[in-house]
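Below: the structure, in structure tokens.
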Amino acid sequence: CTVLNQISSADVDVEPGISVYTTWLNDQGGIEADLTVNRLDEESFLVVTAYTTQVKDADWIAR
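The following block contains the structure:
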């Protein structure tokens, strides 16, 4: 959750079962991704992003 909160413009530290619409921001505050983060349980999240940007978004968070 800490990593997701560091790159997200919205607080994703929510109760399991809650979805949060957010953007991922780079170090300069620019938008890298526009997506939804779903908290599945205390340790698991599902990130839903656009089909056309899924590879780019996965590569970006892996850094």
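Using the working numbering, the letters of the sequence shown correspond one by one to residues 475 to 537.
From the three backbone atoms N, C-alpha and C, an ideal C-beta is built for every residue, glycine too.
Keep in mind it's a predicted model, so treat the numbers as computed, not measured.
Buried or exposed by the 16-neighbour rule on C-beta atoms within 10 Å, applied to residue i
| i | result |
| --- | --- |
| residue 513 | buried |
| residue 532 | exposed |
| residue 507 | buried |
| residue 482 | buried |
CB of residue i within 8 Å of CB of residue j, strictly
| i | j | result |
| --- | --- | --- |
| residue 509 | residue 496 | yes |
| residue 511 | residue 494 | yes |
Beta-carbon separation (whole angstroms), residue i vs residue j, contact threshold 8 Å
| i | j | result |
| --- | --- | --- |
| residue 486 | residue 499 | Their Cβ separation, rounded to whole angstroms, is 13 Å, which puts residue 486 and residue 499 out of contact at 8 Å. |
What are the start and end residues of each continuous alpha helix (DSSP H) run of 4 or more residues lying completely inside the stretch 487–536, in chain order?
-> Given a length threshold of 4 residues, each whole run of the alpha helix (DSSP H) inside the stretch 487–536 is given here in chain order: 528–536.
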